[in-house]
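Plus 52 on top of the position in the sequence shown (first one is 1) and you've got my numbering.
Ideal placement from N, C-alpha and C gives every residue a C-beta, glycine not left out.
The structure displayed is predicted, hence computed values, not measured ones.
One structure is given here, and the rest of the page talks about it.
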Amino acid sequence: MLHDKRIQKEYFRIALMWREIVMKIIVDGIRKCWDVLRKEGGEFSGMEQGTPSLRVLMARRALGHL
53 MLHDKRIQKE YFRIALMWRE IVMKIIVDGI RKCWDVLRKE GGEFSGMEQG TPSLRVLMAR
113 RALGHL
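Below you can see the structure in the form of structure tokens.
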């Protein structure tokens with residue numbers, strides 16, 4: 053029985069580690085999207101300047117899917 057508890061603890065530790073990694077990837081992606089929108093185009097980028105860049109469009113789309 054003790055062995056099962058140890059295995060459960062190890063699986064739980066690994067699951068928490070993976071959750072942390074995935075959350076970091078998601079948060080970094082959101083930050084990059086916001087940075088692109090902030091640097092390359094303001095709130096209404098593309099309206100005054102013609103067409104928004106592909107990076108701005110991709111960042112908007114990525115943030116819209118969250």
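Query: Alpha-carbon to alpha-carbon, Asp-80 and Asp-87; Result: 10 Å
Query: Closer than 9 Å to chain C by CB, Arg-83; Result: The structure shown has no chain C; it contains just one protein chain.
Query: Rounded separation between Glu-92 and Asp-56 - CA only; Result: 54 Å
Query: Burial state of Val-108, where buried means 16 or more other Cβ atoms lie within 10 Å; Result: buried
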